[in-house]
Amino acid sequence: MINDGHADDLVGPYAIGACSPAEARAVAGHADRCPTCAAEIAELERTAEWIGMSAARAPAPELRSRVLSAALAARPAGHQQAAELYQVQVAELDRLLGELSLPQWQLPSGPHRSLRGLMVHLHANDEAVATAAGLGPAPVDVRSPATDVRLSWRRQAGALIEVVGRQGAGLLDRQVPLAGRRAIRRPLREALIQRGFETWIHAEDVRRVLDLPPQRPSARQIADIVDFALRLLPAAMESAGRAHPAEAIRLALTGAGGGVRLVGLSPQSPAAGVVVAEVSLPAERFCRLLAGRLAGAPAIAEIGGDPEAAADFLTVAATMGCD
Amino acid sequence: MRALPVDNDVRLREALIAGSEQDLAEVYDTYGPVVYGVAMQMTKDAGAAEDIVQEVLVDLWRRPERFDPHRAPLGGWLCMIARRRGIDWVRHHRTQENIRAAAVAPAPNQVEEDVLASTAYRQVRQAVADLPTTHRQAILLAYYHGLTYREVAQALAIPEGTAKWRLRSALHRIGEQLRAEGFEDDVTHPAQA
């Protein structure tokens, strides 16, 4: 495929995405090491861009307001949204905790030995973000059985929401640590989405103990969680040793917060990549999968195309929770 | 070589991350016609092309951090995404009949009253039109119909090696003609075209 140490005529098809996935990978790998081919590819890609730009033509005038309203429905303007969605989940979890009897606090939940242990864990994950956002450490040791973990957790979450509301944009850009099995720093804006995500998932854990039916977050929150996780996914694929360079998944999420997304399967090509498989499932179910709450569930998603790429995608996605 | 990043692209990216509705409108006004044009060229279906514009812009708004101004100008990047969506659509709706029709079609036929046809855009279209027919067929099938070079070879009943070579050679010819006409600057920002 790569002749005499060069990509030769394949650079043409490659520059306009007309190779097979295997060839695209081979060319990309070669171009990483070969400045001659890399320069030719850059030049041809540039020409392909010109061809695309030259197709410009005016759409119907009505399209403008349609597109802008669809965008704002998918993500409201401004910054407050993530903090508001987080606040909703904090209030709901606090309400549920208020219903627990003393013995119920001692019941196990998922990987946690007790609901109290679960709340100590959530408190610690929140604290890492709160500290990075400039709040002082919690005034009490929540591990101590004498501490009211619910109260301490609620105060800390409230303080985080309050400081975001007060300081706004600048603070939301600050890099803070995310919770999870990989050490990653992202802007506070994204960490708040993760806080809302984890708080909802633990509210679900508490509902299970209380024998209450599961509850779905708002479409807005589901969409935020999905987008948040998909941003991290290419790097997670790589660190799990399951990257598929130059390949992508078409993820069709149904129901509230859903939509179609193209997901690159390696950090080298997060936006580009040939679609090799389609994965379809309800968006809410995908969020539960991300949180590791679908372990062992049969037939998680409908899969078309390359089963290996789809399986790797779902396997890595299921590791993106905060436990 | 082009100078990346384009300052305005860096600014727009930051503004979109910050949730500025006004800058989203600017992106739409600047690049909407390009995205629509690419989608229209591929799908030949106004409804499908409008859906693609919506998907591309909503996606940019939801995840503006995915755009890396150090790798491509915003216009070129949106064009690439539009094309990928277009390929997706075309592959779902493709028939042997419309591939055959595309194989014999002349250069993409822009509507005469196209008010957006800046000189730069006309030059690009001319460079595509000036290609030998065999090259032009290959480029149009691959670029606008989303065919791989193997599929191009099949559609045109030529060896795969020939299809590969025609695609590479066609891109070089277009690029050489445009660079000879002074196309080294960034024309992907329509304001500079």
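So the sequence lines, in the order shown, correspond to chains P and S. Numbered by my numbering, the letters in the first sequence go through residues 33 to 355 in order. Numbered by my numbering, the letters in the second sequence go through residues 55 to 247 in order. Note that beta-carbon positions come from the ideal geometry of N, C-alpha and C, so glycine has one too. Predicted model, so just to flag it, every value in this text is computed and none were measured.
CB contact flag (residue i, residue j, <8 angstroms)
{"i": "Pro87(S)", "j": "Ala114(P)", "result": "no"}
{"i": "Thr347(P)", "j": "Arg274(P)", "result": "yes"}
{"i": "Val241(P)", "j": "Leu147(P)", "result": "yes"}
{"i": "Leu221(S)", "j": "Ala74(P)", "result": "no"}
{"i": "Thr202(S)", "j": "Pro277(P)", "result": "no"}
{"i": "Ala47(P)", "j": "Ala71(P)", "result": "no"}
{"i": "Pro299(P)", "j": "Ala267(P)", "result": "yes"}
{"i": "Leu167(P)", "j": "Ala191(P)", "result": "yes"}
{"i": "Val110(S)", "j": "Ala136(S)", "result": "yes"}
{"i": "Ala160(P)", "j": "Pro209(P)", "result": "yes"}
{"i": "Val308(P)", "j": "Glu279(P)", "result": "yes"}
{"i": "Gly84(P)", "j": "Val81(S)", "result": "no"}
{"i": "Ser86(P)", "j": "Val178(S)", "result": "yes"}
{"i": "Arg293(P)", "j": "Leu262(P)", "result": "yes"}
{"i": "Leu66(S)", "j": "Trp115(S)", "result": "no"}
{"i": "Leu326(P)", "j": "Val295(P)", "result": "no"}
{"i": "Glu230(P)", "j": "Ala211(P)", "result": "yes"}
{"i": "Gly289(P)", "j": "Ala255(P)", "result": "yes"}
{"i": "Val112(S)", "j": "Ala102(P)", "result": "yes"}
{"i": "Val64(S)", "j": "Pro123(S)", "result": "yes"}
{"i": "Arg198(P)", "j": "Pro219(P)", "result": "no"}
{"i": "Ala192(S)", "j": "Leu210(S)", "result": "yes"}
Under the three-state DSSP convention, the category residue i falls into
{"i": "His189(S)", "result": "helix"}
{"i": "Glu383(P)", "result": "A question about residue 383(P) goes unanswered here, because the residues of chain P that appear run from 33 up to 355."}
{"i": "Val169(S)", "result": "Because Val169(S) carries a pLDDT of 47, less than 50, the predicted location of this residue cannot be relied on, and the following value inherits that uncertainty. Looking at Val169(S) - three-state DSSP - the assignment turns out to be coil, as it is neither helix nor strand."}
{"i": "Tyr46(P)", "result": "helix"}
{"i": "Leu150(P)", "result": "helix"}
{"i": "Pro53(P)", "result": "helix"}
{"i": "Ala341(P)", "result": "helix"}
{"i": "Val196(P)", "result": "helix"}
{"i": "Glu131(P)", "result": "coil"}
{"i": "Gln247(P)", "result": "coil"}
{"i": "Gln300(P)", "result": "coil"}
{"i": "Val60(S)", "result": "coil"}
{"i": "His38(P)", "result": "strand"}
{"i": "His276(P)", "result": "coil"}
{"i": "Thr149(S)", "result": "coil"}
{"i": "Cys319(P)", "result": "helix"}
{"i": "Leu346(P)", "result": "helix"}
{"i": "Thr351(P)", "result": "coil"}
{"i": "Leu204(P)", "result": "helix"}
Member of the options whose CA lies at the smallest distance from the CA of residue i
{"i": "Ser250(P)", "options": "Ala92(P), Gln121(P), Ala63(P)", "result": "Gln121(P)"}
{"i": "Arg317(P)", "options": "Val292(P), Gly296(P), Gly287(P), Pro93(P)", "result": "Gly287(P)"}
{"i": "Asp61(S)", "options": "Leu194(S), Gln231(S), Leu128(S), His226(S)", "result": "Leu128(S)"}
{"i": "Gln247(P)", "options": "Cys69(P), Leu128(P), Ala54(P)", "result": "Leu128(P)"}
{"i": "Val258(P)", "options": "Ala349(P), Thr179(P), Ala327(P), Gly202(P)", "result": "Ala349(P)"}
{"i": "Ala164(P)", "options": "Ser141(P), Arg145(P), Val196(P), Ser184(P)", "result": "Val196(P)"}
{"i": "Arg117(S)", "options": "Glu68(S), Gly130(S), Met134(S)", "result": "Glu68(S)"}
{"i": "Gln119(P)", "options": "Gly149(P), Ala39(P), Leu134(P), Ala189(P)", "result": "Ala189(P)"}
{"i": "Leu225(S)", "options": "Ile71(S), Asp184(S), Tyr82(S)", "result": "Asp184(S)"}
{"i": "Thr84(S)", "options": "Arg120(S), Thr97(S), Gly130(S)", "result": "Gly130(S)"}
{"i": "Arg65(P)", "options": "Met151(P), Pro53(P), His38(P)", "result": "His38(P)"}
{"i": "Ala315(P)", "options": "Gly305(P), Leu326(P), Ala284(P), Gly296(P)", "result": "Ala284(P)"}
{"i": "Ala109(P)", "options": "Asp77(S), Gly140(S), Ile193(S), Ala196(S)", "result": "Asp77(S)"}
{"i": "Leu313(P)", "options": "His62(P), Gly336(P), Gly305(P), Arg218(P)", "result": "Gly336(P)"}
{"i": "Ala217(S)", "options": "His124(S), Arg204(S), Ile228(S)", "result": "Arg204(S)"}
{"i": "Arg175(P)", "options": "Leu322(P), Ser97(P), Ala88(P), Met151(P)", "result": "Met151(P)"}
{"i": "Gly101(S)", "options": "Arg98(P), Trp82(P), Arg78(P), Ala63(P)", "result": "Arg98(P)"}
{"i": "Glu235(S)", "options": "Phe121(S), Asp99(S), Arg176(S)", "result": "Arg176(S)"}
{"i": "Trp82(P)", "options": "Ala103(S), Thr173(S), Arg148(S)", "result": "Thr173(S)"}
{"i": "Arg120(S)", "options": "Phe260(P), Val306(P), Arg214(P)", "result": "Phe260(P)"}
Unbroken beta strand (DSSP E) run spanning residue i, endpoints
{"i": "Thr286(P)", "result": "279-286"}
{"i": "Leu139(P)", "result": "Taken as a continuous stretch (DSSP letters only), Leu139(P) belongs to no beta strand (DSSP E), as it is neither H nor E."}
{"i": "Arg217(P)", "result": "217-219"}
{"i": "Pro67(P)", "result": "Element bounds for Pro67(P): not the beta strand (DSSP E) but the alpha helix (DSSP H), 67-85."}
{"i": "Pro209(P)", "result": "207-209"}
Run of the alpha helix (DSSP H) containing residue i, from where it starts to where it stops
{"i": "Val258(P)", "result": "251-271"}
{"i": "Val206(S)", "result": "203-210"}
{"i": "Arg293(P)", "result": "No alpha helix (DSSP H) holds Arg293(P); the beta strand (DSSP E) holding it covers 291-296."}
{"i": "Leu225(S)", "result": "214-234"}
{"i": "Val311(P)", "result": "No alpha helix (DSSP H) holds Val311(P); the beta strand (DSSP E) holding it covers 306-314."}
{"i": "Arg325(P)", "result": "Unbroken run through Arg325(P): none, as it is neither H nor E."}
{"i": "Arg145(P)", "result": "Arg145(P) -> no alpha helix (DSSP H), and no H or E assigned at all."}
The ligand NAD heavy atom lying under 7 angstroms from the CB of residue i
{"i": "Ser223(S)", "result": "Questions concerning the ligand NAD fall outside what the structure shown contains, since it holds no ligand whatsoever."}
Give, in chain order, every unbroken run of the alpha helix (DSSP H) that is at least 4 residues long and sits entirely within the segment 62-131 of chain S. 75-97, 100-116
Every unbroken beta strand (DSSP E) within the segment 149-189 of chain P, with a cutoff of 3 residues, ordered by chain: none
Which runs of the alpha helix (DSSP H) spanning at least 4 residues fall entirely within the segment 88-116 of chain P, listed in chain order? 94-106
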